[in-house]
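Undergrad: So that we are looking at the same thing, I have put the structure below in C-alpha coordinates.
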Amino acid sequence: MTADEIKKVLGLEPHPREGGWFRRTYGAEEWIAAEALADGRYPGKRRTGTAIYYLLEPGTFSEMHRLGSDELFHFYAGDPVEMLQLLPSGGGRTVAIGNNLAAGQRPQVLVERGVWQGSRLVRGGQWALLGCTVSPGFEYEDYESGERASLSRQWPEFREMIATLTRR
0 MTADEIKKVL
10 GLEPHPREGG
20 WFRRTYGAEE
30 WIAAEALADG
40 RYPGKRRTGT
50 AIYYLLEPGT
60 FSEMHRLGSD
70 ELFHFYAGDP
80 VEMLQLLPSG
90 GGRTVAIGNN
100 LAAGQRPQVL
110 VERGVWQGSR
120 LVRGGQWALL
130 GCTVSPGFEY
140 EDYESGERAS
150 LSRQWPEFRE
160 MIATLTRR
(Lines of atoms letter the chains of each structure in order from A and count residues from 1; the text may use other names and numbers.)
(Lines give C-alpha, C1' and ligand atoms only; values in the text may rest on other atoms or scores of the structure.)
Protein backbone atom coordinates (compact mmCIF):
# COMPACT_ATOMS: atom_id res chain seq x y z
CA MET A 1 0.00 0.00 0.00
CA THR A 2 1.01 3.61 -0.41
CA ALA A 3 0.99 6.22 2.36
CA ASP A 4 -2.05 7.86 0.73
CA GLU A 5 -3.94 4.56 0.69
CA ILE A 6 -3.14 3.98 4.38
CA LYS A 7 -4.30 7.50 5.26
CA LYS A 8 -7.60 6.84 3.50
CA VAL A 9 -8.22 3.35 4.92
CA LEU A 10 -7.41 4.40 8.51
CA GLY A 11 -8.94 7.88 8.28
CA LEU A 12 -5.70 9.63 9.22
CA GLU A 13 -5.50 13.41 9.44
CA PRO A 14 -2.53 15.80 9.75
CA HIS A 15 -1.35 15.96 13.36
CA PRO A 16 -2.06 19.55 14.45
CA ARG A 17 1.03 19.95 16.64
CA GLU A 18 3.61 17.23 16.09
CA GLY A 19 3.66 16.62 12.33
CA GLY A 20 2.90 13.42 10.47
CA TRP A 21 -0.56 11.86 10.24
CA PHE A 22 -2.69 10.37 13.02
CA ARG A 23 -6.04 9.21 14.31
CA ARG A 24 -7.02 8.57 17.90
CA THR A 25 -8.19 4.97 18.18
CA TYR A 26 -8.74 4.67 21.92
CA GLY A 27 -9.57 6.83 24.89
CA ALA A 28 -10.15 5.00 28.17
CA GLU A 29 -13.52 5.55 29.83
CA GLU A 30 -11.76 5.50 33.21
CA TRP A 31 -10.30 8.78 34.50
CA ILE A 32 -7.64 9.74 37.06
CA ALA A 33 -8.25 12.84 39.18
CA ALA A 34 -5.42 15.40 39.01
CA GLU A 35 -5.20 15.29 42.80
CA ALA A 36 -4.41 11.56 42.63
CA LEU A 37 -1.16 12.39 40.84
CA ALA A 38 0.89 13.91 43.65
CA ASP A 39 3.46 15.70 41.48
CA GLY A 40 0.93 18.17 40.04
CA ARG A 41 2.00 17.67 36.42
CA TYR A 42 -1.57 17.75 35.08
CA PRO A 43 -3.94 20.72 35.34
CA GLY A 44 -7.00 18.46 35.39
CA LYS A 45 -8.20 14.88 35.25
CA ARG A 46 -6.73 12.50 32.67
CA ARG A 47 -7.94 9.32 31.02
CA THR A 48 -6.02 6.28 32.23
CA GLY A 49 -4.81 5.75 28.67
CA THR A 50 -5.12 6.78 25.02
CA ALA A 51 -3.86 5.33 21.73
CA ILE A 52 -3.33 6.57 18.17
CA TYR A 53 -2.23 5.42 14.75
CA TYR A 54 0.73 7.52 13.58
CA LEU A 55 2.12 7.69 10.03
CA LEU A 56 5.35 9.25 8.80
CA GLU A 57 6.29 9.72 5.15
CA PRO A 58 9.05 11.65 3.35
CA GLY A 59 8.87 15.35 4.18
CA THR A 60 7.19 14.73 7.54
CA PHE A 61 8.64 14.20 10.98
CA SER A 62 7.58 14.09 14.60
CA GLU A 63 8.94 17.35 16.02
CA MET A 64 10.96 17.41 19.23
CA HIS A 65 8.49 17.48 22.11
CA ARG A 66 7.89 16.10 25.55
CA LEU A 67 4.93 15.02 27.63
CA GLY A 68 4.19 14.49 31.29
CA SER A 69 3.12 10.90 30.53
CA ASP A 70 4.93 7.78 29.38
CA GLU A 71 4.51 6.92 25.68
CA LEU A 72 4.88 3.46 24.19
CA PHE A 73 5.47 3.32 20.42
CA HIS A 74 4.57 0.22 18.40
CA PHE A 75 5.85 -0.51 14.89
CA TYR A 76 3.15 -1.88 12.58
CA ALA A 77 4.39 -1.69 8.98
CA GLY A 78 6.59 0.07 6.45
CA ASP A 79 10.11 1.39 6.79
CA PRO A 80 12.07 1.89 10.02
CA VAL A 81 11.91 5.10 12.03
CA GLU A 82 14.80 6.84 13.77
CA MET A 83 13.90 8.41 17.13
CA LEU A 84 16.01 10.87 19.11
CA GLN A 85 15.51 10.85 22.88
CA LEU A 86 17.09 13.60 25.01
CA LEU A 87 17.17 12.66 28.68
CA PRO A 88 16.61 15.03 31.61
CA SER A 89 19.96 13.82 33.01
CA GLY A 90 21.77 15.41 30.06
CA GLY A 91 22.41 12.30 27.98
CA GLY A 92 20.65 11.17 24.86
CA ARG A 93 20.24 8.31 22.45
CA THR A 94 19.01 7.41 19.00
CA VAL A 95 16.64 4.45 18.82
CA ALA A 96 15.56 2.53 15.69
CA ILE A 97 11.90 1.54 15.60
CA GLY A 98 11.22 -1.31 13.18
CA ASN A 99 11.05 -5.07 12.81
CA ASN A 100 14.66 -5.93 11.84
CA LEU A 101 15.73 -7.17 15.25
CA ALA A 102 19.11 -8.37 13.99
CA ALA A 103 19.90 -4.78 12.90
CA GLY A 104 19.07 -3.45 16.37
CA GLN A 105 15.58 -2.19 15.55
CA ARG A 106 12.85 -2.67 18.11
CA PRO A 107 9.11 -3.03 17.39
CA GLN A 108 8.22 -1.40 20.70
CA VAL A 109 9.96 1.64 22.19
CA LEU A 110 9.26 3.45 25.46
CA VAL A 111 9.63 7.20 25.89
CA GLU A 112 9.48 7.99 29.59
CA ARG A 113 7.68 11.12 30.72
CA GLY A 114 9.79 14.25 30.59
CA VAL A 115 12.11 12.92 27.84
CA TRP A 116 12.40 15.11 24.73
CA GLN A 117 11.70 13.05 21.61
CA GLY A 118 11.42 13.42 17.86
CA SER A 119 11.29 10.94 14.98
CA ARG A 120 11.78 10.66 11.25
CA LEU A 121 11.84 7.96 8.61
CA VAL A 122 15.23 6.43 7.96
CA ARG A 123 16.86 7.84 4.83
CA GLY A 124 15.19 6.43 1.71
CA GLY A 125 12.08 5.27 3.57
CA GLN A 126 8.65 5.69 1.96
CA TRP A 127 6.35 5.43 4.98
CA ALA A 128 6.04 3.95 8.45
CA LEU A 129 2.87 3.11 10.34
CA LEU A 130 3.24 3.22 14.10
CA GLY A 131 0.96 3.17 17.09
CA CYS A 132 1.42 5.19 20.25
CA THR A 133 -0.14 4.40 23.61
CA VAL A 134 0.01 7.08 26.33
CA SER A 135 -0.62 6.63 30.06
CA PRO A 136 -2.01 8.66 31.72
CA GLY A 137 -3.83 9.60 28.54
CA PHE A 138 -2.74 12.35 26.16
CA GLU A 139 -4.29 15.82 26.18
CA TYR A 140 -2.99 18.65 23.99
CA GLU A 141 -2.27 20.93 26.95
CA ASP A 142 0.37 18.39 28.08
CA TYR A 143 2.34 18.80 24.82
CA GLU A 144 5.48 20.96 24.91
CA SER A 145 7.27 21.76 21.62
CA GLY A 146 11.06 21.82 21.65
CA GLU A 147 12.98 24.88 20.49
CA ARG A 148 16.05 24.26 18.32
CA ALA A 149 18.41 26.75 20.00
CA SER A 150 17.57 25.71 23.55
CA LEU A 151 17.79 21.96 22.88
CA SER A 152 21.03 22.39 20.89
CA ARG A 153 22.63 24.30 23.78
CA GLN A 154 21.70 21.59 26.27
CA TRP A 155 22.56 18.62 24.02
CA PRO A 156 25.25 19.93 21.59
CA GLU A 157 26.31 16.42 20.53
CA PHE A 158 22.84 15.97 18.95
CA ARG A 159 22.69 19.44 17.33
CA GLU A 160 22.45 18.16 13.74
CA MET A 161 19.54 15.81 14.41
CA ILE A 162 17.80 18.39 16.62
CA ALA A 163 17.93 20.81 13.65
CA THR A 164 16.12 18.29 11.43
CA LEU A 165 13.46 17.58 14.08
CA THR A 166 12.48 21.14 15.03
CA ARG A 167 10.51 23.84 13.24
CA ARG A 168 11.77 26.83 15.22
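Last residue of the sequence shown? That's 167 in numbering that gives the first Met the number 0, and every number before it is there in order.
Where a beta carbon is used, it is the ideal one built from N, C-alpha and C, also for glycine.
1) Express the C-alpha separation of L86 and R40 in angstroms, rounding to a whole number.
2) Count the other CB atoms, across all protein chains shown, that sit within 10 Å of the CB of S118; report buried if there are 16 or more and exposed otherwise.
3) Between the region 118-131 and the region 140-158, do three or more beta carbon pairs fall short of 8 angstroms?
4) Who does Y25 pair with in a DSSP beta bridge?
5) Does the Cβ of Y52 have 16 or more other Cβ atoms within 10 Å, making it buried, or fewer, making it exposed?
6) Kindly identify the DSSP beta-bridge partner or partners of A132.
7) Roughly how many angstroms separate the alpha carbons of W20 and D3, rounded to a whole number?
8) Note the first and the last residue of the continuous alpha helix (DSSP H) segment covering R147.
9) Answer yes if the region 151-162 comes into contact with the region 91-100, meaning at least three C-beta pairs across the two stretches below 8 angstroms, and no otherwise.
10) Can you tell me whether R45 is buried or exposed, with buried defined as 16 or more other CB within 10 angstroms of its CB?
11) Whole angstroms are fine: how far does the CA of V110 sit from the CA of S68?
12) Using alpha carbons as the reference points, say which of L164, A101 and W115 lies closest to R65.
TA: With the structure as the only source:
1) In the sequence shown, the residue the question calls residue 40 occupies position 41. In the sequence shown, the residue the question calls residue 86 occupies position 87. In this structure, the alpha-carbon of R40 lies about 18 angstroms from that of L86.
2) Numbered from 1 along the sequence shown, position 119 holds the residue referred to as residue 118. That one is buried.
3) Output reads no: the region 140-158 does not touch the region 118-131.
4) For the purposes of this step, residue 25 is taken as the residue at position 26 of the sequence shown. Looking at the DSSP output, Y25 shares a beta bridge with A50.
5) In the sequence shown, counting from the first residue as 1, residue 52 sits at position 53. Per the 10 Å Cβ criterion, buried.
6) For this step, residue 132 is matched to residue 133 along the sequence shown. In the sequence on display, residue 132 carries Thr and not Ala. A50 and L71, per the DSSP bridge assignment.
7) Walking along the sequence shown from the start, residue 20 turns up at place 21. Walking along the sequence shown from the start, residue 3 turns up at place 4. If I take the Cα positions, the gap works out to 10 angstroms.
8) Along the sequence shown, read from residue 1 onward, the residue named residue 147 stands at position 148. R147 -> alpha helix (DSSP H) spans R147 to Q153.
9) Verdict: yes, contact present.
10) In the sequence shown, counting from the first residue as 1, residue 45 sits at position 46. Buried.
11) The residue labelled residue 68 in the question sits at position 69 within the sequence shown. The residue labelled residue 110 in the question sits at position 111 within the sequence shown. So the two alpha carbons sit approximately 9 angstroms from each other.
12) Here residue 65 corresponds to residue number 66 of the sequence shown, with the count starting at 1. With distances taken between Cα atoms, R65 lies closest to W115.
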